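**Q** Before I ask anything, here is the structure I am working with.
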Amino acid sequence: MYDKKKWQWICPDTGNIYNLKHTQEFETSYGVKMEKGEPATDIACRVIFSNHCFTRSRNSEDLDSHVMVRESKRGGNVEERVFCPARWDFSQQLPEIIRDLTYRNCLIGGSREIIYRQESRSGFKEQQGWYICMRLNFKSKRDPQLELWVRSVHWRRNRPFDVRGHGGKRFCMILSEYLRKRL
């Protein structure tokens, strides 16, 4: 059962309680150089987490009682999502990872507003690991103006299909390029 008021999932089979408070919205800031040679400016950012950080798509073995969220999609389709213990376990690290992004290497997605951060790389395959999918959003009439939406986390054996290039860039550089076009 999903208790939104208490930010927790209670497993209908075991009664285990999974705390979701770590996925509550919070504010942080990132040091960003807007121009070469200038000192970094702290940019405030609201961080929002999607339920995809602790759920997965329902499959044929999942019972109705396991459905945590129903999401309306384009075309009238409804996606049912169930609690995922593996994603939940990894998601507990997300607030710290997000606060510490400034100098971390990230991968740029196809729309240039989508960013991927790979964590927990496997020793066997360099591209295997947990991927955090994030989206930048800027609205001049909001405070703070910058929003980082953590859309999903998932374990992958390969990179997401829309990653541009082979390497990556530090998050502060990606953010600087993004903000220069909007400020």
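For the sequence shown, the tail end lands on 198 under this note's numbering, and the numbers increase by one without skipping.
Every residue, glycine too, gets a C-beta built ideally from N, C-alpha and C.
Owing to the predicted nature of the structure, the values given are computational and were not obtained by experimental measurement.
(1) Going by beta-carbon coordinates alone, are phenylalanine 98 and phenylalanine 69 separated by less than 9 Å?
(2) Is it true that the CB of glutamate 162 sits closer than 9 Å to the CB of arginine 61?
(3) Return the residue from the list Ile32, Ile189 and Leu190 that minimises the CA-CA distance to tryptophan 103.
(4) Select from Lys21, Ser44 and Leu35 the residue whose C-alpha is nearest the C-alpha of leucine 116.
(5) On the DSSP bridge assignment, give the partners of aspartate 18 in chain order.
(6) Work out the CA separation of valine 168 and lysine 88 for me, nearest whole Å.
(7) Taking the alpha helix (DSSP H) that leucine 109 belongs to, which residues open and close that run?
(8) Roughly how many angstroms lie between the CA atoms of isoleucine 12 and aspartate 77, to the nearest whole one?
(9) Can you find the residues in the same chain that come closer than 8 Å, C-beta to C-beta, to valine 93, ignoring five residues on each side of it along the sequence?
(10) Does the distance from the CB of proline 110 to the CB of phenylalanine 41 come in under 9 Å?
(11) Whole-angstrom Cβ separation of arginine 150 and arginine 166, contact assumed at under 8 Å?
(12) Would you report the Cα separation of glycine 46 and glutamate 53, rounded to the nearest angstrom?
(13) Curious, which full-length beta strand (DSSP E) runs of at least 3 residues does the region 58 to 90 contain?
(14) Going by DSSP, what residues sit across from serine 44 in a beta bridge?
**A** Checking against the coordinates, here is how it stands:
(1) For phenylalanine 98 and phenylalanine 69, yes; Cβs fall inside 9 Å.
(2) Contact: yes.
(3) If you compare the alpha carbons of Ile32, Ile189 and Leu190 with that of tryptophan 103, the shortest gap goes to Ile32.
(4) For the set Lys21, Ser44 and Leu35, the Cα lying nearest the Cα of leucine 116 is the one of Ser44.
(5) For aspartate 18, which the question treats as bridged, DSSP gives the partners Gln23.
(6) Near 19 Å, if we compare the C-alpha coordinates of valine 168 and lysine 88.
(7) In the DSSP annotation of this structure, the continuous segment of the alpha helix (DSSP H) that includes leucine 109 starts and ends at 109 to 114.
(8) This structure does not reach residue 12, given that the chain is present from 16 up to 198, and the question cannot be answered.
(9) Excluding residues within five positions, the ones whose Cβ falls inside 8 Å are Arg85, Glu86 and Ser87.
(10) In this structure, phenylalanine 41 lies closer than 9 Å to proline 110 by Cβ.
(11) Arginine 166 and arginine 150 do touch by the CB rule: their CB atoms are close to 6 Å apart, below 8 Å.
(12) One alpha carbon belongs to glycine 46, the other to glutamate 53, and they sit about 12 Å apart.
(13) Runs of the beta strand (DSSP E) inside the region 58 to 90: 70 to 72 and 82 to 87.
(14) Among the bridge pairs identified by DSSP, serine 44 is matched with Ala59.
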